[in-house]
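In my numbering, the protein residues as written are 2 to 399. Where a beta carbon is used, it is the ideal one built from N, C-alpha and C, also for glycine. In this text, all values refer to a predicted model and were calculated from it rather than measured experimentally. Right, one structure below, let's go through it.
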Amino acid sequence: MVSLVCLGMFAGSSLATPPTTVYWDGEHLERVRNAPAERDRQVVKSLKQLGRAAAEALRHEPYSVTDKDLLPPSGDKHDYMSFSRYWWPNPDTDDGLPYVRRDGVVNRELVSRGDRERLGSFCDDVEALALAAYLLDREPCAAHARRMLRVWFLDPETRMSPNLSYGQAVPGVSEGRGPGILDTRHFVRVIESVHLLESLGAIDKEMGEELREWFDKYLAWLRESDIGRHEQAAKNNHGVWYDAQTAAIAVFIGEKELARRILIDLRDRRLPAAVEPDGSQPQELRRTMSLHYSLFSLSAYAMAARVGEAVGLDLWRPADPAANGCERALRYAAPYVARQDEWPHTQIKRYTISDSQSHLFYLAASAFEDPQYLKLLENAPRRDGDLRMAPLLFARWR
């Protein structure tokens, strides 16, 4: 029965106006929903993948930060807790403390201890369910997404406290660090899912207000806490992701002027300082996976640029034409996706494009009217089993 719920015919009533999404392309989503005859091959393939992902998500019980076995230093399981992925037991001490960093080498056992994987599964499922509800007209998917949102954010017994005080902890080093804020970059997908569910009437005004109140508190923590301020000051991709997150949340709660200030600073100060005249990003080139992080930083910038469009800003091009901008950085790194052996910097693992990183290439092709980015995406190594949601979320530039 579950498979029939989300894999049925693409029937459903038309919606008169596009959803008020900020990162995703609402007009494109509306066309995919309401004009089946116009769907191209890639869209049809992605819809089938979406149906399967949503059917699987329907089988999952709601996620909660209170499900973890560990107790955060606060003693409150409602506090989110995660561990940094590149840290390992110290081989020179009996107890393994303090942990030592091995950049680019993932300690999966450490990561699995906290809420990080749970958060990722929650965001993946809510996204799949909301998209299936909107594009495939499947009300049970909307109902389950609503239930998941309520359990994660709102129910007193299970909700997450609006802070990341214990994100990306390192045993023997820190109980919580600024890089933990990277974990919640996926909340932007959750916010977009809320927009879809609201457009369907699946989230009523009261619940929408409650969700915005939660994100209002979380944004205050991001901007006012020592950990949040530390991450805001980061000169590498962390700072760009911080800006993309905070701007998207600000728009969600109605603080568009705050979003504009964040994004103008990103465009006019942060990015030009991070990009060299040749397009390289020195902060990312220091990493052992420098190609990955060069594009990871630009994925954050692409998200911020989309949010900027919602508040009347063009982040794709610098205000000063002579300044170092996104296009210059893209032209430096992107071509090496197809010829990684020629990348002149350290990359200890073969770079593979995830679904979320494919958004960068879709958006860049449209922003710069350049088909090379789509060609790179078609020929780039992809992660096995990854969904291909970009054709549903963004119009393909032709």
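Practice item. Whole angstroms is fine: what's the gap from Cys-327's alpha carbon to Pro-157's? Key: The residue given as residue 327 occupies position 326 in the sequence shown. The residue given as residue 157 occupies position 156 in the sequence shown. One C-alpha to the other measures close to 43 Å.
Check your understanding: How many Å lie between Ser-4 and Arg-53 at the Cα?
Key -> As a first step, residue 4 is located in the sequence shown; it is residue number 3 there, counting from the start. As a first step, residue 53 is located in the sequence shown; it is residue number 52 there, counting from the start. Annotation note: pLDDT 39 at Ser-4 (below 50); position unreliable, coordinate value reported separately. Using only the alpha carbons, I get a separation of about 8 Å.
Exercise for review: Leaving aside the five residues before and after Gly-97 along the sequence, list all residues of the same chain whose C-beta is less than 6 Å from its C-beta, in chain order.
Suggested key: Position 96 of the sequence shown, counting from 1, holds the residue named residue 97. Hits under 6 Å: Pro-90, Asn-91.
Review point. What separation, rounded to the nearest whole angstrom, lies between the Cα atoms of Gly-179 and Trp-25?
Key: For the purposes of this step, residue 179 is taken as residue 178 along the sequence shown, with counting starting at 1. For the purposes of this step, residue 25 is taken as residue 24 along the sequence shown, with counting starting at 1. Distance between the alpha carbons of Gly-179 and Trp-25: 27 Å.
Point to revise | Top-ranked residue by Cα proximity to Ala-129, from Ala-339, His-29, Val-191, Glu-214 | key: Position 128 of the sequence shown holds residue 129. Of the listed residues, the one whose Cα sits closest to Ala-129 is Val-191.
Practice item. Name the one or two DSSP bridge partners that Gln-348 has. Key: Taking the sequence shown and counting its residues from 1, one reaches residue 348 at position 347. In DSSP, Gln-348 forms a bridge with Met-290.
Exercise for review: Could you tell me if Glu-31 is buried or exposed, where buried requires 16 or more neighbouring beta carbons within 10 angstroms of its beta carbon?
Suggested key: By 1-based counting over the sequence shown, the position of residue 31 is 30. Classification for Glu-31: buried.
Check your understanding: Is the CB-CB distance between Ala-274 and Ile-263 below 8 Å?
Key -> Position 273 of the sequence shown, counted from the start, is the residue given in the question as residue 274. Position 262 of the sequence shown, counted from the start, is the residue given in the question as residue 263. Cβ distance not < 8 Å, so Ala-274 and Ile-263 don't count as in contact.
Point to revise | Buried or exposed by the 16-neighbour rule on C-beta atoms within 10 Å, applied to Gly-27 | key: Counted from its first residue, the sequence shown places residue 27 at position 26. It is buried - the Cβ of Gly-27 has at least 16 other Cβ atoms within 10 Å.
Review point. Which residues bound the beta strand (DSSP E) around Tyr-167?
Key: Looking up residue 167 in the sequence shown gives position 166. Looking at the DSSP string, the run of the beta strand (DSSP E) that includes Tyr-167 is 167 to 170.
Review point. Buried or exposed: where does Pro-345 fall if 16 or more other Cβ atoms within 10 Å of its Cβ makes it buried?
Key: If you number the sequence shown from 1, residue 345 lands on position 344. The residue is exposed, with fewer than 16 neighbouring Cβ atoms inside 10 Å.
Exercise for review: Taking only the alpha-carbon atoms, compute the straight-line gap between Pro-382 and Val-33 and give it to the nearest angstrom.
Suggested key: For the purposes of this step, residue 382 is identified with residue 381 of the sequence shown, where counting begins at 1. For the purposes of this step, residue 33 is identified with residue 32 of the sequence shown, where counting begins at 1. Distance between the alpha carbons of Pro-382 and Val-33 is about 27 Å.
Check your understanding: Unbroken beta strand (DSSP E) runs of length 3 or more, entirely within the stretch 325 to 381: which are they?
Key -> none
Check your understanding: From which residue to which residue does the beta strand (DSSP E) around Phe-395 run?
Key -> As a working note, residue 395 is residue 394 in the sequence shown. Premise fails: Phe-395 is in no beta strand (DSSP E) and is neither H nor E.
Exercise for review: Could you spell out the range, first to last residue, of the beta strand (DSSP E) harbouring Phe-84?
Suggested key: Taking the first residue of the sequence shown as 1, we reach residue 84 at position 83. Note, Phe-84: beta strand (DSSP E), 82 to 84.
Check your understanding: Where does Val-101 fall in DSSP's three states?
Key -> What you label residue 101 is simply residue 100 of the sequence shown in a count that begins at 1. Strand.
Exercise for review: Note down the Cα distance separating Met-290 from Tyr-363, rounded to an integer number of angstroms.
Suggested key: Walking along the sequence shown from the start, residue 290 turns up at place 289. Walking along the sequence shown from the start, residue 363 turns up at place 362. Cα-Cα distance, rounded: 23 Å.
**Study point:** CB contact flag (Leu-165, Asp-184, <8 Å)
**Key:** By 1-based counting over the sequence shown, the position of residue 165 is 164. By 1-based counting over the sequence shown, the position of residue 184 is 183. Yes, the pair counts as a contact, with Cβ atoms nearer than the cut-off.
Check your understanding: Apart from the five residues on each side of it in sequence, which residues of its chain come closer than 7 Å, Cβ to Cβ, to Ala-320?
Key -> Sequence index remark: in the sequence shown, residue 320 carries index 319 (1-based). These residues qualify, in order along the chain: Arg-268, Asp-269.
Point to revise | Residues of its chain near Arg-384, where Cβ-Cβ distance is below 6 Å and the 5 sequence neighbours each way are ignored | key: Residue 384 sits at position 383 when you count from the first residue of the sequence shown. So the list reads Thr-353, Ser-355, once near-sequence residues are dropped.
**Study point:** Pair within 8 Å by beta-carbon distance, Trp-242 and Arg-160
**Key:** Here residue 242 refers to the residue found at position 241 when the sequence shown is read from its first residue. Here residue 160 refers to the residue found at position 159 when the sequence shown is read from its first residue. No.
Review point. Does DSSP classify Trp-317 as helix, strand or coil?
Key: In the sequence shown, the residue the question calls residue 317 occupies position 316. In this structure, Trp-317 counts as coil in the three-state DSSP scheme.
Point to revise | Burial state of Glu-258, where buried means 16 or more other Cβ atoms lie within 10 Å | key: Residue mapping note: residue 258 aligns to position 257 of the sequence shown, counting from 1. By the neighbour-count rule (16 or more Cβ atoms within 10 Å), Glu-258 is not buried but exposed.
Review point. For Gln-246, which residues from the same chain have a beta carbon less than 8 Å from its beta carbon, with the 5 sequence-adjacent residues on both sides left out?
Key: Counting from one through the sequence shown, the residue named residue 246 turns up at place 245. So the qualifying residues of the chain are Ile-182, Thr-185, Arg-186, Phe-188, Val-189, Leu-223.
Practice item. Pick helix, strand or coil for Arg-271, following the three-state DSSP scheme. Key: To locate residue 271, count along the sequence shown from 1; it is residue 270. Reduced to three states, the DSSP call for Arg-271 is helix.
Practice item. Have a look at Arg-261 and Met-304 and give me their C-alpha separation to the nearest angstrom. Key: In the sequence shown, the residue the question calls residue 261 occupies position 260. In the sequence shown, the residue the question calls residue 304 occupies position 303. Distance between the alpha carbons of Arg-261 and Met-304 is about 14 Å.
Point to revise | Collapsed DSSP secondary structure at Trp-222 in the structure displayed | key: Looking up residue 222 in the sequence shown gives position 221. Helix, per DSSP.
Point to revise | Distance, Leu-316 Cα to Gly-309 Cα | key: Residue 309 sits at position 308 when you count from the first residue of the sequence shown. Residue 316 sits at position 315 when you count from the first residue of the sequence shown. Each residue's Cα considered, the two are about 6 Å apart.
Review point. In its own chain, which residues sit with a C-beta less than 6 Å from the C-beta of Ser-85, not counting the 5 before and 5 after it?
Key: Position 84 of the sequence shown holds residue 85. These residues qualify, in order along the chain: Gln-169, Val-171.
**Study point:** Straight-line Cα distance separating Pro-163 from Phe-253
**Key:** Here residue 253 is taken as the residue at index 252 of the sequence shown, counted from 1. Here residue 163 is taken as the residue at index 162 of the sequence shown, counted from 1. Approximately 15 Å, taken between the alpha carbons.
Exercise for review: Could you please give the first and the last residue of the uninterrupted alpha helix (DSSP H) stretch that includes Asn-238?
Suggested key: Residue mapping note: residue 238 aligns to position 237 of the sequence shown, counting from 1. First-last of the alpha helix (DSSP H) with Asn-238: 238 to 253.
Review point. Which partner residues of Arg-383 appear in the DSSP bridge assignment?
Key: By 1-based counting over the sequence shown, the position of residue 383 is 382. DSSP output for Arg-383 lists Ile-354 as bridge partner(s).
**Study point:** Of the listed residues Arg-148, Ala-324, Asp-104, Leu-393, nearest to Gln-348 (C-alpha basis)
**Key:** Numbered from its first residue, the sequence shown carries residue 348 at position 347. Closest by alpha carbon: Asp-104.
Exercise for review: Give me the Cα-Cα distance between Leu-292 and Gln-284, rounded to the nearest whole angstrom.
Suggested key: Looking up residue 292 in the sequence shown gives position 291. Looking up residue 284 in the sequence shown gives position 283. Going by the C-alpha atoms only, they are around 12 Å apart.
**Study point:** alpha helix (DSSP H) segments (min. 4 residues) lying fully within the stretch 44 to 88
**Key:** none
Exercise for review: List the endpoints of the continuous alpha helix (DSSP H) containing Ile-192.
Suggested key: Taking the first residue of the sequence shown as position 1, residue 192 is located at position 191. Residues 188 to 200.
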